[in-house]
Amino acid sequence: MPLSGAMLAVSAYGELSAALDLGVGRAPQALSRSLSLGSGTGAGKADRIWSDRRTLAASGTEDLDLAGVLLDAFGATITFARIKGLVIAAAAGNTNNVVVGAASSNPWVTLLGATHTLTVRPGGFVAVGTGVADAIGYAVTASTGDLLKIANSAGGSAVTYDIHIIGASA
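Going by the numbering used here, the first residue of the sequence shown is number 1225, and it counts up by one from there.
Structure representation (structure tokens):
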């Protein structure tokens, strides 16, 4: 089944201003990046996508198996060989943080290494994308390097997060 219209975009903008003798000085700062992927498995292409809203109990964790367990929107099993784009967004109503990375066994290491984590605070998000010329992306190794751990940082309350993964099967 072909994937069409895969896109990841991130934009940041801010403007500094200061009073000057004859008015206000402004210094706009901006950074934007986007990634549009065609259908396929090579450079600038993707053929798999998975998206979900998930909830973890207080102090709960889960390992998302990127190779052979997740189901796409039509119920077909997805096996990612390469991740080309990833977005994780924590719900604004969370009390605790969402912690990404450091699965205890078979961790997906090409993004954060085996033991590193990334904290997504309530209402926050993180987005990672590859370049269109990148055929490798963030490799997934089935059975030995395919688990993306997601954890609730504390007890007391559940956390909800949205996750969106774009990748290739080969």
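Glycine residues also receive a C-beta, built at the ideal position from the N, C-alpha and C atoms. On a predicted model such as this, the values are computed, not experimentally measured, just so you know.
Select from the options the residue whose C-alpha is nearest the C-alpha of residue i.
{"i": "Gly1355", "options": "Leu1288, Gly1309 and Ile1302", "result": "Gly1309"}
{"i": "Thr1279", "options": "Ser1258, Ala1375 and Gly1391", "result": "Ala1375"}
{"i": "Ala1327", "options": "Ala1357, Gly1317, Gly1264 and His1340", "result": "His1340"}
{"i": "Gly1348", "options": "Asn1318, Ser1283 and Phe1298", "result": "Asn1318"}
{"i": "Ala1281", "options": "Gly1380, Ala1291 and Ile1307", "result": "Gly1380"}
{"i": "Ala1394", "options": "Thr1365, Ala1254, Leu1294 and Ala1300", "result": "Thr1365"}
{"i": "Ala1338", "options": "Leu1372, Ser1283 and Ile1360", "result": "Leu1372"}
{"i": "Ala1251", "options": "Val1293, Tyr1237 and Arg1277", "result": "Tyr1237"}
{"i": "Leu1294", "options": "Asp1370, Pro1331 and Ala1382", "result": "Asp1370"}
{"i": "Ser1367", "options": "Asp1289, Ala1300 and Leu1336", "result": "Asp1289"}
What separation, rounded to the nearest whole angstrom, lies between the Cα atoms of residue i and residue j?
{"i": "Ala1315", "j": "Ala1243", "result": "38 Å"}
{"i": "Gly1266", "j": "Val1333", "result": "21 Å"}
{"i": "Asp1358", "j": "Val1352", "result": "13 Å"}
{"i": "Ser1377", "j": "Glu1286", "result": "12 Å"}
{"i": "Ala1305", "j": "Glu1239", "result": "41 Å"}
{"i": "Val1255", "j": "Arg1277", "result": "Here residue 1255 turns out to be Leu, not Val, going by the sequence shown. Taking the straight line from one Cα to the other gives about 28 Å."}
{"i": "Gly1249", "j": "Asn1330", "result": "53 Å"}
{"i": "Leu1342", "j": "Leu1336", "result": "8 Å"}
{"i": "Ser1207", "j": "Ala1382", "result": "Nothing can be reported for residue 1207: it is not among the residues displayed for the chain, which extend from 1225 to 1394."}
I'd like the list of long-range same chain contacts for residue i, defined as Cβ closer than 8 Å, with 5 residues on each side in sequence excluded.
{"i": "Val1344", "result": "Ile1312, Ala1313, Ala1314, Asn1321, Val1322, Val1323, Val1324, Val1350 and Tyr1385"}
{"i": "Asp1296", "result": "Arg1272, Ile1273, Trp1274 and Ile1302"}
In this structure, does DSSP put residue i in helix, strand or coil?
{"i": "Val1356", "result": "coil"}
{"i": "Thr1384", "result": "strand"}
{"i": "Thr1482", "result": "Since the first and last residues shown for the chain are 1225 and 1394, residue 1482 lies out of range."}
{"i": "Leu1290", "result": "coil"}
{"i": "Asn1321", "result": "coil"}
{"i": "Asp1276", "result": "strand"}
{"i": "Pro1226", "result": "coil"}
{"i": "Ala1375", "result": "strand"}
{"i": "Ala1270", "result": "strand"}
{"i": "Thr1341", "result": "coil"}
Apart from the five residues just before and just after residue i, which ones in its own chain have a Cβ nearer than 6 Å to its Cβ?
{"i": "Arg1257", "result": "Val1234"}
If you measure from the CB of residue i, is any heavy atom of the ligand MG nearer than 7 Å?
{"i": "Leu1246", "result": "Looking for the ligand MG in the displayed structure turns up nothing, as the structure carries no ligands at all."}
Ordered along the chain, which non-local residues of its own chain (more than five positions away) have a Cβ less than 7 Å from that of residue i?
{"i": "Ala1228", "result": "In the sequence on display, residue 1228 carries Ser and not Ala. Within the same chain, Ser1228 has close Cβ partners Ser1263."}
{"i": "Ala1270", "result": "Leu1227, Ala1230, Leu1261, Lys1308, Ile1390, Gly1391 and Ala1392"}
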